[in-house]
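For reference, the structure discussed in these notes is given below.
Right under this line is the structure:
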């Protein structure tokens, strides 16, 4: 049985550079940094005192206060972006077969703030357990997909993928497969994360994973720059409505692009470090190209994982040259994490949205904060440094990698009838 085609019909974004898809795209195309001093807690004693936080968000404009109190911020973010995506897709829930509508979400950490608050309260008490009755439901990662399923009455498959920083892309590929196999007609997918907390920043500091450029937060995320010193922690969420093509066409849906391939691989190397020769990255991009039934020469743009770490950026660039050969020098490559920071389990969702908006507008968002060339990288690679570049984009690939050696890639194509 031939696979069904899968298209994207709705988008929602909540990011450090914009609280809607349009605001997000405006920030990306203008090369805006979302980094600044941490406001969510007193970071004076932390080695890293800055992050890419969501700004100007009043959760109660979207979720009643009584309900919001029962959710961790990562789940609140999920509901906010899903609402934008569902509206953008123009879904009439009364006309859907809700038994074939599902939710597959991603989060690398889940309710970290909830866990942190509850344990601190217990630790500073007299030893009597006085936990919030919503502690566990707020903390567990699958609360996000569960709440989305309840909100929209979707009776199809409902779960959360946990693949560290690759979680959202993992979720999208799962949703893609359910739809093309005919198990679902439509799915809400994406990811959310809210890890700008004392435990989140302190834990990543302990790993020496974060930039410590406290004198210039806005320039700290500098992928592929010689002086990169770690990633900048971000927070937020992205949602995509994935839909079977004929289903979307029958209801007259707006279609952003077709999702034509998903790749998956493992480094099988180290719990935090990437394979030094980019083996997992090579395999995942090859797997995605094979799944999409296209050649390397068909790709126009790669939104790279590009976290601004010394090892990760080199490994990924090496992999791109191995997979794409001479065509690597015809590609536009950019890391939007230079602007948003690293949203961990939500990264793949907002970066997929970045690809879709780049295709729609014919503009490649930049890799900002490039100051010094690194001789490790081939100067023929076009990393789209510092300024957006106009270019028709027919096919875009997005890479997302995670601690534990998880690698996922998705490929989008402008719709062909």
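Residue numbers (the UniProt record's numbering): 1 to 417.
Quick reminder that beta carbons are idealized off the backbone N, C-alpha and C, glycines included.
8 Å Cβ cutoff met for residue 440 and residue 402: Outside the displayed range of the chain (1 to 417) lies residue 440, so it cannot be described from this structure.
Inter-residue spacing [alpha-carbon to alpha-carbon] between residue 267 and residue 404: Start at 1 with the first residue of the chain shown, and residue 267 comes out as number 267. Start at 1 with the first residue of the chain shown, and residue 404 comes out as number 404. Using only the alpha carbons, I get a separation of about 8 Å.
Cβ shell of residue 33 (< 6 Å), same chain only, five flanking positions each side left out: Along the chain shown, read from residue 1 onward, the residue named residue 33 stands at position 33. Counting only Cβ-Cβ distances below 6 Å, and skipping sequence neighbours, we find 218 and 339.
Nearest-angstrom Cα separation, counted from residue 143 out to residue 114: Taking the first residue of the chain shown as 1, we reach residue 114 at position 114. Taking the first residue of the chain shown as 1, we reach residue 143 at position 143. Between residue 114 and residue 143, the C-alpha separation is close to 12 Å.
Enclosing alpha helix (DSSP H) for residue 80 [first to last residue]: The residue labelled residue 80 in the question sits at position 80 within the chain shown. Unbroken alpha helix (DSSP H) run through residue 80: 73-89.
Beta-carbon contacts of residue 324 that lie in its chain and below 6 Å, excluding the five residues immediately before and after: Numbered from 1 along the chain shown, position 324 holds the residue referred to as residue 324. The beta carbon of residue 324 sits closer than 6 Å to the beta carbons of 296 from its chain, once the five residues preceding and following it are set aside; these are given in chain order.
Counted within 10 angstroms of its Cβ, other Cβ atoms place residue 119 as buried (16 or more) or exposed: Counting from one through the chain shown, the residue named residue 119 turns up at place 119. Exposed, because fewer than 16 other Cβ atoms sit within 10 Å of the Cβ of residue 119.
Inter-residue spacing [alpha-carbon to alpha-carbon] between residue 185 and residue 7: Against the chain shown, residue 185 aligns to sequence position 185. Against the chain shown, residue 7 aligns to sequence position 7. The straight-line gap from Cα to Cα measures roughly 11 Å.
For residue 307 and residue 276, the rounded distance between their alpha carbons: In the chain shown, counting from the first residue as 1, residue 276 sits at position 276. In the chain shown, counting from the first residue as 1, residue 307 sits at position 307. Cα atoms of residue 276 and residue 307: separation of roughly 15 Å, rounded to the nearest angstrom.
Cβ shell of residue 247 (< 6 Å), same chain only, five flanking positions each side left out: Taking the chain shown and counting its residues from 1, the one referred to as residue 247 is at position 247. Cβ neighbours of residue 247 beyond the five flanking positions: 185.
Same chain only: Cβ atoms within 6 Å of residue 320, ignoring 5 sequence neighbours per side: Working through the chain shown from its first residue, we reach residue 320 at position 320. Around residue 320: 328.
For residue 427, the three-state DSSP class (helix, strand or coil): The first residue shown for the chain is 1 and the last is 417, placing residue 427 beyond what the model contains.
Where residue 262 falls: helix, strand or coil (DSSP): By 1-based counting over the chain shown, the position of residue 262 is 262. In this structure, residue 262 counts as strand in the three-state DSSP scheme.
Buried versus exposed, by CB contacts within 10 Å (16 or more), residue 99: Taking the first residue of the chain shown as position 1, residue 99 is located at position 99. Per the 10 Å Cβ criterion, exposed.
The stretch 189-203 in contact with the stretch 101-111 per 3-pair CB rule at 8 Å: yes
Short Cβ contact (8 Å threshold) for residue 261 with residue 322: Looking up residue 261 in the chain shown gives position 261. Looking up residue 322 in the chain shown gives position 322. Not closer than 8 Å, so no.
In DSSP terms, what residue 160 is bridged to: Mapped onto the chain shown, residue 160 falls at position 160. Partner(s): 105.
Residue 197 versus residue 41: straight-line alpha-carbon distance, rounded: Within the chain shown, the letter at position 197 stands for residue 197. Within the chain shown, the letter at position 41 stands for residue 41. The straight-line gap from Cα to Cα measures roughly 7 Å.
Residue burial classification, residue 243 (beta-carbon count within 10 angstroms, cutoff 16): Locating residue 243 in the chain shown gives position 243, counting from the first residue. Counting Cβ neighbours within 10 Å, residue 243 comes out buried, since at least 16 surround it.
Residue range of the unbroken beta strand (DSSP E) whose run includes residue 192: Here residue 192 refers to the residue found at position 192 of the chain shown. Start and end: 186-193.
contact_flag[the stretch 198-210, the stretch 282-296] where n(CB pairs < 8 Å) is 3 or more: no
Residue 392 beta carbon less than 8 Å from that of residue 236: Within the chain shown, numbered from 1, the residue matching residue 236 stands at position 236. Within the chain shown, numbered from 1, the residue matching residue 392 stands at position 392. No. Outside cutoff.
Contact the stretch 122-142 vs the stretch 76-96: 3+ CB pairs below 8 Å: Too few Cβ pairs lie closer than 8 Å, so no.
Neighbour-count burial assignment, residue 390, 16 or more Cβ in a 10 Å radius: As a position in the chain shown, residue 390 is number 390, starting the count at 1. Looking at its Cβ environment, which holds fewer than 16 other Cβ atoms inside 10 Å, residue 390 is exposed.
Any 3 or more C-beta pairs closer than 8 Å across the stretch 71-87 and the stretch 377-385: no
C-beta contact flag for residue 194 and residue 112 at 8 Å: Mapped onto the chain shown, residue 194 falls at position 194. Mapped onto the chain shown, residue 112 falls at position 112. Using a Cβ distance threshold of 8 Å, residue 194 and residue 112 count as a contacting pair.
8 Å CB neighbourhood of residue 286 in its chain, flanking five on each side removed: As a first step, residue 286 must be located in the chain shown, where it is residue number 286. Once the five neighbours on either side are set aside, the close Cβ partners of residue 286 are 263 and 323.
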